[in-house]
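Quick notes on the structure that follows.
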Amino acid sequence: MKEYISSFLNKIFAISKLVTRNWEDEVLIMQAKNLMSSNHWKSSIKESGRLEEKEFKVYSQWGDDGIIQFLIKTLDIKNKYFIEFGVADFYESNSHFLLVNNNWKGLVIDGSEKNINRLKNSSIYWRYNLKAIKEFITKDNIMSIISSEVETEIGLLHIDLDGNDYWILKEIDFESLSPEIVILEYNYVFGHERKITVPYEDSFHRFKEHSCGLFFGASLGALNDYMSKKGYIFVGSNSARNNAYFVKENKKDLINQVDITHEYVDAQFRISRDEKGNLDYVQPDKIIEEMRGLKVYNIETNKLEEF
Numbered sequence: 025m026k027e028y029i030s031s032f033l034n035k036i037f038a039i040s041k042l043v044t045r046n047w048e049d050e051v052l053i054m055q056a057k058n059l060m061s062s063n064h065w066k067s068s069i070k071e072s073g074r075l076e077e078k079e080f081k082v083y084s085q086w087g088d089d090g091i092i093q094f095l096i097k098t099l100d101i102k103n104k105y106f107i108e109f110g111v112a113d114f115y116e117s118n119s120h121f122l123l124v125n126n127n128w129k130g131l132v133i134d135g136s137e138k139n140i141n142r143l144k145n146s147s148i149y150w151r152y153n154l155k156a157i158k159e160f161i162t163k164d165n166i167m168s169i170i171s172s173e174v175e176t177e178i179g180l181l182h183i184d185l186d187g188n189d190y191w192i193l194k195e196i197d198f199e200s201l202s203p204e205i206v207i208l209e210y211n212y213v214f215g216h217e218r219k220i221t222v223p224y225e226d227s228f229h230r231f232k233e234h235s236c237g238l239f240f241g242a243s244l245g246a247l248n249d250y251m252s253k254k255g256y257i258f259v260g261s262n263s264a265r266n267n268a269y270f271v272k273e274n275k276k277d278l279i280n281q282v283d284i285t286h287e288y289v290d291a292q293f294r295i296s297r298d299e300k301g302n303l304d305y306v307q308p309d310k311i312i313e314e315m316r317g318l319k320v321y322n323i324e325t326n327k328l329e330e331f
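Taking the numbering used here, the leading residue of the sequence shown gets 25, the next gets one more, and so forth.
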């Protein structure tokens, strides 16, 4: 009976948390506007070159809301349209604040029907021009999904799939979309020296590959290598060290290019799981040893090798 009551209360608390969510928190939005009006926040980072100086969080999981606002101001983005993959229910996505503060249009995609329905049932779904699609993204379907919804060049592209990120990135038609800003989640466990990614698999799931859940995505080096070939420069990452920011090379007079070797710092957050799926707070160096022997794909040699 105690277990039943505990389970029931947990469900009530979870529902309550969702109900009390404020998708347009006027207080937080006003505080962010006040911060952005300060001379300190508006000042250039040409000398320091550190994007994290502009961080603040309204809805983003980390400080990416502030970084994005700084970039769209600095780069004077004309195409006010974003595309973000892997948004969960969108509440903590990096484009949420962009939608409600700047009135951008957008397309978001997530593989969970529950998440997408939660977003569609929120007030912002009818108040703003947002399209949410439930789809598990693969190499074969990504551009057909985008092409059916987007007929213009875009301001921002954000890929955060915890899986085939590198392979999906390679399928993006940069000529037609021409995103001004690209945000790519990278796997800090993979480091920055090796240009590696997980091998492609249509139904990739990071907890299936290893119970810790940290075998996913690509290294910062691999993502930087591909983006440079597409005409983009790396301009920094958030302080959490999991999101990399790229802008078009022709914007380098407005913002500094950053060397990934100088920028790279190990992330401090601990999200590894035990075999039962519970957070175990294991340090990254131990996780790295646990994952030794798993196969990764080296984009320089075009061969599989051991992690």
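All C-beta atoms in this analysis are idealised placements derived from N, C-alpha and C, irrespective of residue type, glycine included.
This one's a predicted model, so the numbers in the text were calculated from it and none came from an experiment.
Endpoints, the alpha helix (DSSP H) within which residue i is located
| i | result |
| --- | --- |
| N58 | E50 to M60 |
| D134 | From DSSP, D134 is part of no alpha helix (DSSP H) but of the beta strand (DSSP E) over K129 to D134. |
| F94 | D88 to L99 |
| N248 | L244 to K253 |
| K102 | No alpha helix (DSSP H) holds K102; DSSP gives it neither H nor E. |
Chain-order list of residues whose beta-carbon lies under 6 Å from that of residue i (same chain, five-residue window excluded)
| i | result |
| --- | --- |
| V306 | S296 |
| N165 | none |
| S84 | N118 |
| G317 | E330 |
| I101 | G179 and E204 |
Buried or exposed by the 16-neighbour rule on C-beta atoms within 10 Å, applied to residue i
| i | result |
| --- | --- |
| K219 | buried |
| L180 | buried |
| M54 | exposed |
| E199 | exposed |
| W128 | buried |
| G255 | exposed |
Cα-Cα separation between residue i and residue j, rounded to whole angstroms
| i | j | result |
| --- | --- | --- |
| K163 | A246 | 18 Å |
| K275 | E299 | 46 Å |
| L328 | G301 | 28 Å |
| I91 | S227 | 32 Å |
| V259 | I96 | 13 Å |
| K81 | E225 | 34 Å |
| D283 | L244 | 11 Å |
| E324 | S261 | 23 Å |
| K35 | F293 | For K35, the predicted structure reports a pLDDT of 48, less than 50, and the residue's modelled location is therefore unreliable. A value from the coordinates is still provided. Between K35 and F293, the C-alpha separation is close to 27 Å. |
| V320 | H216 | 14 Å |
| I69 | L75 | 7 Å |
| T98 | E116 | 24 Å |
Start-to-end residues for the beta strand (DSSP E) that takes in residue i
| i | result |
| --- | --- |
| E209 | I205 to E209 |
| H64 | That residue, H64, is in no beta strand (DSSP E); its alpha helix (DSSP H) goes N63 to K66. |
| K163 | Note, K163: premise wrong, no beta strand (DSSP E); not H, not E. |
| Y105 | Y105 to F109 |
| H182 | L180 to I183 |
| I140 | It is not in any beta strand (DSSP E) - I140 instead sits in the alpha helix (DSSP H) that spans E137 to K144. |
Beta-carbon proximity list for residue i, same chain, < 8 Å, skipping 5 on both sides
| i | result |
| --- | --- |
| M315 | V213, H234, C236, L238, F239 and F331 |
| I140 | D113, D134, A156, I157 and K158 |
DSSP-derived helix/strand/coil call for residue i
| i | result |
| --- | --- |
| A291 | coil |
| R230 | helix |
| F80 | coil |
| N267 | strand |
| T285 | helix |
| Y149 | helix |
Distance cut-off 8 Å: residue i Cβ against heavy atoms of the ligand PLP
| i | result |
| --- | --- |
| L75 | This structure lacks the ligand PLP, and indeed carries no ligand of any kind. |
Nonlocal neighbours in the same chain, by C-beta distance under 7 Å from residue i, ignoring five residues either side
| i | result |
| --- | --- |
| E197 | The amino acid occupying residue 197 in the given sequence is Asp; Glu does not appear at that position. Once the five neighbours on either side are set aside, the close Cβ partners of D197 are M167. |
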